[in-house]
Amino acid sequence: AVHVREKLGNGKLYVVSNREPYMHVKQCSTVECVVPPSGLVTALEPVLQACDGTWIAHGSGSEDAAFVDEHDHLRVPPDDPRYTLRRVWLSEEEVSGHYEGFSNEGLWPLCHMAHTRPIFRVQDWEYYQQVNAKFAEVLVEEMRDTEHPVVFIQDYHFALLPRMVKNLRPDARVAIFWHIPWPNAEAFSICPWQAELLDGLLGADVIGFHIQSHCNNFLDTVDRTLEARTDWEQFSILRGGHTSLVKPFPISVAWDEHMTEQAENVHHGSLNGAGLKKDAEDSWNRLPDSDERLHSDLHRELGIEGKHLLVGVDRMDYTKGIVERLLAVEYLLDEHPWYLEKIVFAQIAAPSRTRVPSYIALKAQVEETVERINRKFEKSGWKPVILIERQCSHKEVTRYYKAADICLVTSLHDGMNLVSKEFLAARSDGDGVLILSRFAGAAQELRDALTVNPYDVRQVAEAIRTGLEMSPGERRLRIDRMRQQIKEHNVYRWAAMVLTDVCAVRIEGEVLADP
Ligand code: G6P
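Each residue of the sequence shown is one higher than the last, beginning at 283 in full-length UniProt numbering.
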């Protein structure tokens, strides 16, 4: 965290995203403050807490003028203020055109290889431009007294914003991070406004993706679409005299030292070569009796004492492979009836983009599949699947992570996927198994997960079986290595790396301070 602050030096940080880190939801006469389910928010919030600055985001709780007035500029988190939240209020039409339409019916399925057809409406595109311009205006207003501000834009809702900001404030250093995959050039070319989107992005000094292959796809898309010079060695793009650096920055979660105490006691910090082997052997004998693990408070609360718990934690989104995961559980029970009454799969599915038709259809499909599977196998009070369709707090989700034998992340396609990393961070007991889709960016780093092709139901079922039957020693060995990876590559390091690159950018006409 200290590192992030250092990177900024005297520079002031402005972060822009569509989703806000705290939503004030009006419930009758009271206003409730909730943290939305968003990987982006999970990652960025600790960074802003560490280095202050201003976070500009769409104010989702706007109801009346008095509310808007009161909640325009806030210091947050509400109980321990550390940075400023500046809200931008959007009309119904703007939300529908920019957020639901162009961003989530157009760009989201365009960039995710999940075989949901993107929809591009002229009207949505107009709102997309309008909302990008509105954010540019607010940003410029916020930065009016700051020289050489550092602007860090987030995600596919704001592809046009980097160019707009640079035009208005050429002295600003601008980075944009694309939190979702970038598809191959041919796939991207179906977007009628691909040239405008690319040109908008190239206003940024630094363009970040999670993994190298997304960077390659981006360079190739630019190569085939725009007049620009792409440099495949430096991974930079020169257009109209301005250079943009294109780089992978794999995002992560905050690593909270006190969560790790217990695990540290187990592996003594030595995690490679012989040290690792020895630690694993040592810990073999120190494992809690496996029966004990099946009797957590959560097991009691759910009425599943003595059963093995599998968990999935996602937004209700068709890219997450929730239906495929359910089919894998069904396949396992069909093929290996030995597991009947012995396992329970709890799926937390936070409501998401609930007015978008493809999300409405997915919700119905998930519910039907859960009902069908439960009807098929239920036996003397036991049901194999528990579906929790609400947003759970971080604390609640952590209880599930800690009580689980296996965490299932089977995204059909995912930029990074932070659930996999949150699960690992939560396992301070140094135990648990992660099943991870090979199509999630996280699979590049988390080599000790059981990687699967989520479309291959048989393979996922087999991975569940392998996870359930894995020896405690192997479980510990794998999770120790992955936890170490996340501890070292946490979100502070991610932010520090992006900021290092953007702060190193030479701005024309800037007078450099004497060394
Ligand atoms: C993904 C996107 C984020 C977004 C999050 C939640 O992680 O990359 O930008 O905030 O999903 O989606 P929502 O539409 O609720 O903000």
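Here a beta-carbon is modelled for each residue, glycine too, at the ideal position from N, C-alpha and C.
- In the three-state scheme derived from DSSP, where H, G and I count as helix and E and B as strand, Thr503 is classed as helix.
- Here Leu644 is buried. Its C-beta has 16 or more other C-beta atoms within 10 Å.
- Listed as beta-bridge partners of Ser534 by DSSP are no residues whatsoever.
- Per DSSP, the continuous beta strand (DSSP E) segment holding Ile338 begins and ends at 336 to 340.
- DSSP places Ala415 in the helix class (H, G or I) of the three-state scheme.
- Under the 8 Å Cβ criterion, the region 773 to 793 counts as touching the region 525 to 532, having at least three qualifying pairs.
- In this structure, the alpha-carbon of Asp354 lies about 14 Å from that of Glu423.
- Relative to the ligand G6P, the beta carbon of His461 is positioned inside 6 Å of a heavy atom.
- Taking a cut-off of 8 Å for Cβ pairs, the region 456 to 476 and the region 506 to 514 touch, as three or more such pairs fall below it.
- For Val652, the enclosing alpha helix (DSSP H) stretches over residues 639 to 659.
- Assigned with DSSP and collapsed to three states, Tyr613 falls in helix.
- Minimum Cα-Cα distance from Gly588 among the listed residues Val595, Ser578, Gly594 corresponds to Ser578.
- Closest in alpha carbon position to Phe440, among Arg301, His524, Leu367, Gly594, is Arg301.
- Uninterrupted alpha helix (DSSP H) stretches at least 4 residues long and entirely within the region 456 to 516 occur at 467 to 470, 476 to 483, 494 to 507, given in chain order.
- Where Cys315 is concerned, the enclosing beta strand (DSSP E) starts and stops at 312 to 316.
- A check of alpha carbon separations from Cys785 across Tyr600, Phe500, Ala457, Arg758 identifies Ala457 as the nearest.
- The bridge partners DSSP lists for Arg369 are Ala339.
- In this structure Asn772 is buried. Its beta-carbon is surrounded by 16 or more other beta-carbon atoms within 10 angstroms.
- For Ser518, there is no enclosing alpha helix (DSSP H); the residue is found in the beta strand (DSSP E) stretching over 518 to 521.
- Per DSSP, the beta bridge partners of Met305 are Val316.
- A distance below 6 Å between beta-carbons, with the five flanking residues on each side excluded, links His340 to the following residues of its chain, in chain order: Asn300, Val370, Leu372.
- The Cβ atoms of Val626 and Leu591 lie closer than 7 Å to each other.
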